[in-house]
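Participant:
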Amino acid sequence: MRGMKVVENMSFNEETDTYTCANNRELEFRHVSKQKNKSGYISEKKVYGCTNCAGCPLAEKCKMTPHNKKLYVADNFLRFRKQSQENIATEKGIILRMNRSIQVEGQFSRI
């Protein structure tokens, strides 16, 4: 379970461009990280970091390294995932999912 490590479980303040962890410590914007995958697509992630995780009782559950907490946020990915979840929840999305499970996946059961 990923729990408090993930961006979905932290609150975001648009005015200050900061995230707040479960122990009410702020993760401030540091920089933008760009990575190119094998197909040439360049993904951008915003990197947020906590200035001091020393003495935090939740650090063991929150961090994966001995250093201060870093959070990598892919805004495009989050926006597309939110849009996808909204589409799936519509009446049309429910019907399309139901039809896919009957028509497409049913064919694989015959192989």
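Numbering-wise, UniProt numbering puts 15 at position 15 of the sequence shown, and it's gapless, one number per residue. Don't be surprised by glycine CBs; every beta carbon is placed ideally from N, CA and C.
1) Give the DSSP bridge partners of V73, in chain order.
2) Do G49 and K69 have their C-beta atoms closer together than 8 Å?
3) Which residues bound the beta strand (DSSP E) around E8?
4) Out of C62, C53, E15, T51, state which residue places its alpha-carbon closest to the alpha-carbon of Q5.
5) Which whole-angstrom value describes the C-beta separation of L71 and V7, a residue pair presumed to lie in contact below a C-beta threshold of 8 Å?
Facilitator: If we stick to the structure as given:
1) K46
2) yes
3) Here E8 belongs to no beta strand (DSSP E), and DSSP marks it neither H nor E.
4) Residue identity differs from the one stated: residue 5 is Lys in this sequence, not Gln. Answer by Cα proximity: C62.
5) 6 Å
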